[in-house]
């Protein structure tokens, strides 16, 4: 198998309600078997993100966020610079915004980073997504596929 040109990282914790949306989207994308794209799940710990995305042309991170005003199930494609800080935004104490300075210092960033953010309703302990967030899973997966198509190398 050749090296992937892109990675999709479903960030989250399936035992924290809607925080499981990243892994749910990742499972859906694994089933598509997109050539040249590695799909995985992460808890968002910065060094694990660096390990996953170093050297790829594109990294797409799918993560649950809390925002104001909250619209549970809203899907947005964004850059990391507009994300709320971890802790206030999700159930992760560290996250993507913490990985970026470390990645810059170590020269371990992807060529481009896109975040697919899904607004959540509940991050309480427990398994299962709320209805609006579960309904957003296919929409978030479609957003990832659009980003992959937009960035796909023409020679592949």
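Numbering (the working numbering), first residue to last: 25 to 180. Just so you know, even glycine gets a beta-carbon here, dropped at the ideal spot from N, CA and C.
In this structure, DSSP gives residue 100 an extended state, which the three-state scheme calls strand.
Closest by C-alpha distance to residue 96, out of 121, 153, 51, is 153. Our two residues, residue 54 and residue 61, have alpha carbons roughly 9 Å apart in a direct line. For secondary structure counted as the alpha helix (DSSP H) over 4 or more consecutive residues, the region 41-66 holds these complete runs in sequence order: 45-54. In summary, residue 148 is exposed, with fewer than 16 beta-carbon neighbours lying within 10 Å of its beta-carbon over all protein chains present. Your pair residue 32 and residue 63 checks out as a contact, with CB atoms roughly 5 Å apart and the cut at 8 Å. Residue 50 places its beta carbon less than 7 Å from that of residue 34. Residue pairing of residue 30 in beta bridges, as defined by DSSP: 61, 82. One Cα belongs to residue 176, the other to residue 127, and the distance between them is close to 23 Å. Just measuring C-alpha positions, the residue of 124, 93, 40 sitting nearest residue 85 is 124. Residue 174 and residue 167 have their C-alpha atoms spaced approximately 11 Å apart. Per the DSSP secondary-structure output, residue 87 pairs in a beta bridge with 141. In this structure, DSSP gives residue 95 a state outside helix and strand, which the three-state scheme calls coil.
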